[in-house]
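Residue numbers (my numbering): 138 to 231. Everything on this sheet refers to the single structure shown next.
This is the structure we're talking about:
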């Protein structure tokens, strides 16, 4: 799986509707309402890079209320869960 983090700027009065419409796109796994430069952040997961054009350019960017996006492609994924598993000695705590 290839992951893209899409920062979404949208019309302020349409944030909930935009978030729901984006979340309904099949390759979108999560949508977060956030503070900062973006109004929403969407996690897009696809099997091939070419699919990003279909999902982001052809579907996500056409959601009514979106005024701009910035897409970041992930090189690697790190999580505390993965790190704990990697460094685990196989001993279970009480």
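We put the beta carbon where it would ideally sit given N, CA and C, even for glycine. Predicted, not measured: the structure shown is a model, and the values here were computed from it.
Bridge partners of residue i, per DSSP?
i           : result
residue 182 : 140
residue 197 : Answer is none; residue 197 lacks a bridge partner.
residue 145 : 177, 206
According to DSSP, is residue i helix, strand or coil?
i           : result
residue 157 : helix
residue 216 : coil
residue 152 : helix
Taking the beta strand (DSSP E) that residue i belongs to, which residues open and close that run?
i           : result
residue 203 : 203-210
residue 167 : 165-170
By Cβ distance below 6 Å, which residues in the same chain neighbour residue i in space, the five residues on each side in sequence not counted?
i           : result
residue 167 : 180
residue 217 : none
Within a Cβ cutoff of 8 Å, which residues of the same chain sit near residue i, ignoring the five residues on either side of it in sequence?
i           : result
residue 193 : 141, 143, 181, 206, 208
residue 198 : 206
Near residue i, what residues of its chain come up, given a Cβ to Cβ distance below 7 Å and the 5 sequence neighbours on each side ignored?
i           : result
residue 154 : 202
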